[in-house]
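Heads up: the structure comes next, in structure tokens.
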Amino acid sequence: MGIKRKLGILVLMCVIAAFTFIGFAQKEPYSVDGVVDSVWDKYKVQSTQIGGFGESSEGEPAISVDVYDKNDIPKVEKYLENNLSKDDLAQYEINVFSNKGIHY
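Here it is as structure tokens:
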């Protein structure tokens, strides 16, 4: 290989690496909080909570969503399953329920 050819390949690799880096840098960072907060925009939600149930040292990590309309429960569950990563789905128990607008 000639020096010009090697230099051309090196420049091409640098350009590809730069475009790849720019593509990753422009993506919005993923977060569980962001996905759960987006439920508020799509459905009528009374409350959301990310945390554990029971004693803090023994509690299972869970995502709880209280919806006003019980017919939205399967829709919200499907939305969370489609938008959370597989790792998050394995880590958190998803609990979607309806207290029918009861305020405590």
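Once you know that position 100 of the sequence shown is 752 in the numbering used here, the rest is easy, because the numbers rise by one and skip nothing. For glycine and all other residues, C-beta sits at the position ideal for the given N, C-alpha and C.
For the alpha helix (DSSP H) containing Glu-712, name the first residue and the last one.
Here residue 712 corresponds to residue number 60 of the sequence shown, with the count starting at 1. Per DSSP, Glu-712 belongs to no alpha helix (DSSP H) and is neither H nor E.
Counting along the chain, where does the beta strand (DSSP E) carrying Ser-690 start and finish?
Sequence index remark: in the sequence shown, residue 690 carries index 38 (1-based). Note, Ser-690: premise wrong, no beta strand (DSSP E); alpha helix (DSSP H) at 684-694.
Need the endpoints of the beta strand (DSSP E) that Asn-723 sits in, please.
For the purposes of this step, residue 723 is taken as the residue at position 71 of the sequence shown. Unbroken run through Asn-723: none, as it is neither H nor E.
Which class does Gly-703 belong to by DSSP, given the choice of helix, strand or coil?
Here the question's residue 703 lines up with position 51 in the sequence shown. Three-state DSSP puts Gly-703 in a strand.
With 16 as the cutoff for other CB atoms within 10 Å, does Asp-685 come out buried or exposed?
Working through the sequence shown from its first residue, we reach residue 685 at position 33. Exposed, by the Cβ-count rule.
Buried or exposed: Ile-715, going by 16 or more other Cβ atoms within 10 Å of its Cβ?
Taking the first residue of the sequence shown as position 1, residue 715 is located at position 63. Classification of Ile-715: buried, given that the 10 Å Cβ count is 16 or more.
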